[in-house]
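Student: Numbering (this note's numbering), first residue to last: 2 to 1121.
Cβ coordinates follow ideal geometry from the N, Cα and C atoms, glycine included.
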């Protein structure tokens, strides 16, 4: 097979040095053939790796040697990937230079189809449509309330299909003329159809033959051509009205009641024919409205009117109330040249669309019959059917040439044209067409049933939606411009429009060829962008134009991955200064700064390493803060750790792994707080408080040391609810798209203030150690001294805003979210409910007002909590963090997500190279960035899933066990005497049960019921045997052993009486240790005397162990 066509005999005068270029093409063909052979053998498992193996690096180097550096590495990668994925596919040399062949490209054709309304390639054909040979489907009606489809064939077959288009029931009318129409009687629950001279009523729910389930009403004066039912109010349960059109131009109103279809007159004798009813016995009203055949009639409940059409050019369409059929008053009619074949009504737009022999679609207002409000032209044949897609406001018209056209009602524009490509000799005409709004499909009827689905209702099963060709590394949101930024592993930066999903512009090789971009950040105003790469370089850009501003270069002497940037955030962006906080792979946190007048960026500050010192027994480390004299950043001062003279003993019982490399960070800079939190792979958090000049070590003491990989923290996020703490942040790029802080006020770095801050912190720590945790938390709510408050203007802040304290959220590898105070106290431990075992969390984000918390994990789930009430008072144990929703957005790891509260949208990015858009409150899928059609942000009732996701979103109720971990249940069950009497009176009246029968008798347990008092829940407690159960493991069960010989009571009736009183008496006898004061009521006194006088030797003693005296027998037998 020839893969590359190279002209041999023709010269190339337009190409410089054509001979050399032609030789390069021949060498390139050999290179491609060699690579193709290798890929084929690799697929068959026959290839053995050797020194001549052609990998991507060798292929790219060979191509650049042949054609020079003008060939872009991006095009070479695309070409190599194409021959690797499909070695037998067609390729051309021009693809190396960015010119790709689209003829016969299935993916390109699929993308073209994606922009269409109906996905014709996914058409479903039902050949066994319940019709006979040489029969056609004449009419179809969709019953939305019951979600099934009624069809009528021309030769008398009535069929009902389910929503999955399976035959639910069918019948065939014998010796029937051609059926012209059918409908459903909503009140009588029957199917009605019309032939030339008869009306057929079919009871589809009844069992039996067609002779038992069908009625025929005849004779009719004219030939009936169409029928529809009239929707009556729900209270009219025994009556249905039907409208019929005939060949005389009449519109007939027929009334059917339940009395007309009673039982058969002779049930004992088998019927030889279908029962016939006389049409004269029914209420029948008709009026001549047209001068030609009435081809269609419908009743429109929204207008409370009927509509009929005819081929008459004068009275082409009639629209009026049903009363006009009786009072003979003038009706409202519409005149159309050559008449009307079909019409439809659109409720949202309030228009009627007509079509006929003149091939023009006309749009009418129901109250204006003089002139149409619009016309749609384009059909080349007569228009036979018209239907409406109410949701999308589309009109679908069908011509006699079997050409479908889709129109937009609002713009009056043509959106799609398609035709029936599988039509055979039998499929000469499509007789009927409907649109199913419940399932978003177009259904046509001829000799077969064809179903055309909407494109948005179909999952693309051939390829996963892709926004990039490689894994997504960065996802950011520019809230100022409502634009989305994505960066993939090939270092392609793309800017998208949030509302439409369209690409605005892209930047390739932003940091040079073969340099991967790993992180980025956007300033709070949205005008500047900063990017970081794997080689440690940092660049700033103008976000609007994509022009580079400044760059930070790294010396080439650095080792591999030493300066790999994994996270960055904008701290300040102005005309005179850019301050960016970056985190390197080595764990070093630095500030990259760009000042006015300087052409390059430079590093001006670094954070000292503190975790190793904290693991040595210093949970609280004071800081010595000093101002930066040269190139002050205005955010953080120089900090030096001051270990305590007497370090606190380290936690020997729960030691943490000695891993000190910082993995992520977050910044909170608001008035009163200047915090920087860093997290390491061993689960430790260092809280840098530059206001109090102290660094705290935070970790969960109960963490399991056996599995240190579960201790890792993947994300840190500050949560602060009050208006005082609305963070002025930029977008963080690596694991979070939540805006990071950006504050304009300068840090107070004077020595006196720093020393006083250290002394205050030490005093506070000493008092906190002596007191309990609530005292320490109470100390948290206090702001720094009044001197600083006056300088910062905090005394004027309302008191309601000062009570809020920030909370730190950490996402862990064990799948949990921990909420901390800034002093290290654990407030909550949240385990998401995903219907799966715990999955490592990767991302956290909130809305601007911090009312909702979103999280994502490594298997593509997105979880949403409500945290508004919790952040109002985090120290209140009654304030809960409640999970509301969970859905699966991707099949692979989610690298980032953000939430736009203005439009209630969630955007997720994953390693599957796709960026997807979701509704925030329902988790419904909208689309992916890069698709051909624009986003439809309106909420849809149809749940559409991406092709790689098969899990529906699910909500969590407020009383779910995943939210309230404290189990609650009602009091244990007690004996219901009434139930016991009803169970034992008949069973024990004639024969006394034996020992085995008593053991196997469960009537006692059936008589247990909940108590009628004390209906409040109890806290659970651990007791009893968990294997047996919560009830039978905690309640003692007594077994009463019957004596071998018992002394008879005075009467046989008393002995065999199985009433509750007699059982009570025998229980007193067998347990004589109980006092008699509980048995002194009523008729039991005389039996008590007989029991006391009886010799004890006649009855065996029933031992009752002391461990089983948890429930007294009197409590069980005592009436309510």
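Assuming residue 405 contacts residue 397 (C-beta within less than 8 Å), just tell me the rounded distance between them.
Tutor: Within the chain shown, numbered from 1, the residue matching residue 405 stands at position 404. Within the chain shown, numbered from 1, the residue matching residue 397 stands at position 396. With 8 Å as the limit, residue 405 and residue 397 qualify as a contact, their Cβ atoms being about 6 Å apart.
Student: Is residue 20 helix, strand or coil when you go by DSSP?
Tutor: Taking the chain shown and counting its residues from 1, one reaches residue 20 at position 19. Correct three-state label for residue 20: helix.
Student: Quick one: Cα of residue 26 to Cα of residue 33, how far?
Tutor: Residue mapping note: residue 26 aligns to position 25 of the chain shown, counting from 1. Residue mapping note: residue 33 aligns to position 32 of the chain shown, counting from 1. When rounded, the distance between both Cα atoms is 10 Å.
Student: Compute the distance between the beta-carbons of residue 63 and residue 475, then report whether it is under 9 Å.
Tutor: Here residue 63 refers to the residue found at position 62 of the chain shown. Here residue 475 refers to the residue found at position 474 of the chain shown. No, the Cβ-Cβ distance between residue 63 and residue 475 is not below 9 Å.
Student: Kindly indicate which residue of 348, 291, 356 has the alpha-carbon position closest to the one of residue 331.
Tutor: Residue mapping note: residue 331 aligns to position 330 of the chain shown, counting from 1. The shortest Cα separation from residue 331 among 348, 291, 356 belongs to 291.
Student: Alpha carbon to alpha carbon, what distance is there between residue 128 and residue 154?
Tutor: Here residue 154 corresponds to residue number 153 of the chain shown, with the count starting at 1. Here residue 128 corresponds to residue number 127 of the chain shown, with the count starting at 1. Taking the straight line joining both Cα atoms gives about 13 Å.
Student: Going by C-alpha to C-alpha distance, which of 325, 346, 357 sits closest to residue 336?
Tutor: For the purposes of this step, residue 336 is taken as the residue at position 335 of the chain shown. The shortest C-alpha separation from residue 336 is found at 357.
Student: CB residue 508 to CB residue 493, shorter than 9 Å?
Tutor: Within the chain shown, the letter at position 507 stands for residue 508. Within the chain shown, the letter at position 492 stands for residue 493. Contact: yes.
Student: Over the uninterrupted beta strand (DSSP E) stretch that includes residue 625, give me the two end residues.
Tutor: The sequence position of residue 625 within the chain shown is 624, counting from 1. Unbroken beta strand (DSSP E) run through residue 625: 621 to 627.
Student: Rounding to the nearest angstrom, what Cα-Cα distance links residue 697 and residue 711 in this structure?
Tutor: Counting from one through the chain shown, the residue named residue 697 turns up at place 696. Counting from one through the chain shown, the residue named residue 711 turns up at place 710. Each residue's alpha carbon lies about 22 Å from the other.
Student: Going by DSSP in three states, residue 39 sits in which element: helix, strand or coil?
Tutor: Residue mapping note: residue 39 aligns to position 38 of the chain shown, counting from 1. Residue 39: helix per DSSP, three-state reduction.
Student: Considering only the alpha carbon of each residue, which of 54, 37, 940, 95 lies closest to residue 87?
Tutor: Stepping through the chain shown from its first residue, residue 87 is reached at position 86. That would be 37, whose Cα lies nearest to the Cα of residue 87.
Student: Assuming the contact rule is C-beta atoms closer than 8 Å, residue 678 and residue 624 should be a hit. Round their C-beta distance to whole Å, please.
Tutor: If you number the chain shown from 1, residue 678 lands on position 677. If you number the chain shown from 1, residue 624 lands on position 623. Rounded, the Cβ-Cβ distance is 15 Å, inconsistent with contact.
Student: Could you check how far apart the C-beta atoms of residue 300 and residue 231 are, in whole angstroms? I think they sit under 8 Å.
Tutor: For the purposes of this step, residue 300 is taken as the residue at position 299 of the chain shown. For the purposes of this step, residue 231 is taken as the residue at position 230 of the chain shown. Indeed they touch by this definition, with Cβ atoms about 5 Å apart.
Student: Label residue 806 either buried or exposed according to how many other C-beta atoms from any shown protein chain fall within 10 Å of its C-beta, with 16 as the threshold for buried.
Tutor: The sequence position of residue 806 within the chain shown is 805, counting from 1. Buried, by the Cβ-count rule.
Student: Decide yes or no for the touch test of the region 441 to 448 against the region 875 to 888: beta carbon pairs closer than 8 Å, at least 3 of them.
Tutor: They do not touch, by the three-pair rule.
Student: Are the beta-carbon atoms of residue 921 and residue 938 separated by less than 9 Å?
Tutor: Looking up residue 921 in the chain shown gives position 920. Looking up residue 938 in the chain shown gives position 937. No. Outside cutoff.
Student: Quick one, are the C-beta atoms of residue 687 and residue 814 less than 9 Å apart?
Tutor: Residue mapping note: residue 687 aligns to position 686 of the chain shown, counting from 1. Residue mapping note: residue 814 aligns to position 813 of the chain shown, counting from 1. No; because the gap between Cβ atoms is not below 9 Å, this pair is not in contact.
Student: Assuming residue 57 is part of the alpha helix (DSSP H), what are its boundary residues?
Tutor: Against the chain shown, residue 57 aligns to sequence position 56. Per DSSP, residue 57 belongs to the alpha helix (DSSP H) from 57 to 68.
Student: Roughly how many angstroms separate the alpha carbons of residue 915 and residue 932, rounded to a whole number?
Tutor: As a working mapping, residue 915 is identified with position 914 in the chain shown. As a working mapping, residue 932 is identified with position 931 in the chain shown. Answer to the nearest angstrom: the Cα atoms are 10 Å apart.
Student: Can you tell me whether DSSP reads residue 639 as helix, strand or coil?
Tutor: Here residue 639 corresponds to residue number 638 of the chain shown, with the count starting at 1. Note: residue 639 maps to strand in three-state DSSP.
Student: Identify, in the order they occur along the chain, each residue of the same chain with its Cβ nearer than 8 Å to the Cβ of residue 949, setting aside the five sequence neighbours on each side.
Tutor: Locating residue 949 in the chain shown gives position 948, where the first residue counts as 1. Same-chain partners within the cutoff: 465, 891, 892, 913.
Student: So the beta strand (DSSP E) residue 509 belongs to, where does it begin and stop?
Tutor: Translated into the one-based positions of the chain shown, residue 509 becomes position 508. It spans 504 to 509 - the beta strand (DSSP E) in which residue 509 sits, taken as one unbroken run.
Student: Spatial neighbours of residue 945 within its chain, please: CB distance less than 6 Å, with the 5 preceding and 5 following residues excluded, ordered by chain position.
Tutor: By one-based count along the chain shown, residue 945 stands at place 944. Within the same chain, residue 945 has close Cβ partners 926.
Student: Ignore the nearest five residues each way along the sequence and tell me which others in residue 362's own chain have a CB closer than 8 Å to its CB.
Tutor: In the chain shown, residue 362 corresponds to position 361, counting from 1. Contacts found: 354, 355, 356, 376, 377, 378, 380, 384, 387, 396, 398, 408.
Student: What whole-angstrom Cβ distance do residue 853 and residue 867 have, given they're in contact under 8 Å?
Tutor: In the chain shown, counting from the first residue as 1, residue 853 sits at position 852. In the chain shown, counting from the first residue as 1, residue 867 sits at position 866. Contact holds; Cβ gap of about 6 Å.
Student: Just verifying my parser: in three-state terms, what is the DSSP assignment at residue 498?
Tutor: The residue you call residue 498 lines up with position 497 of the chain shown. If DSSP states are grouped into helix, strand and coil, residue 498 belongs with the strands.
Student: Between which two residues does the alpha helix (DSSP H) harbouring residue 308 extend?
Tutor: Looking up residue 308 in the chain shown gives position 307. Here residue 308 belongs to no alpha helix (DSSP H); instead the beta strand (DSSP E) covers 306 to 311.
Student: Where DSSP assigns a beta bridge to residue 553, which residues make up the other side?
Tutor: Here residue 553 is taken as the residue at index 552 of the chain shown, counted from 1. According to DSSP, which records beta bridges pairwise, residue 553 is partnered with 539.
Student: So residue 571 and residue 523 are in contact, right, with Cβ under 8 Å, and what is the actual spacing, rounded?
Tutor: Taking the chain shown and counting its residues from 1, one reaches residue 571 at position 570. Taking the chain shown and counting its residues from 1, one reaches residue 523 at position 522. The pair is a contact, with the Cβ atoms about 7 Å apart (cut-off 8 Å).
Student: If we ignore side chains and look at the alpha-carbon of each, how far apart do residue 1201 and residue 410 end up?
Tutor: A query on residue 1201 cannot be resolved here, the shown segment of the chain reaching from 2 to 1121 and no further.
Student: Mind checking residue 309: buried by the 16 CB within 10 Å criterion, or exposed?
Tutor: Reading the chain shown from its first residue, position 308 is the one you call residue 309. Looking at its Cβ environment, which holds 16 or more other Cβ atoms inside 10 Å, residue 309 is buried.
Student: Use the C-beta contact count for residue 904: other C-beta atoms within 10 angstroms, 16 or more gives buried, fewer gives exposed.
Tutor: The residue labelled residue 904 in the question sits at position 903 within the chain shown. It is exposed - the Cβ of residue 904 has fewer than 16 other Cβ atoms within 10 Å.
Student: DSSP puts residue 454 in a beta bridge; with which residues?
Tutor: Along the chain shown, one-based indexing puts residue 454 at 453. For residue 454, which the question treats as bridged, DSSP gives the partners 442.
Student: Taking CB distances under 9 Å as the criterion, tell me whether residue 406 reaches chain E.
Tutor: Absent here is chain E; the protein component of the structure consists of one chain.
Student: Does the Cβ of residue 239 have 16 or more other Cβ atoms within 10 Å, making it buried, or fewer, making it exposed?
Tutor: Taking the first residue of the chain shown as 1, we reach residue 239 at position 238. Exposed: under 16 other Cβ atoms inside 10 Å.
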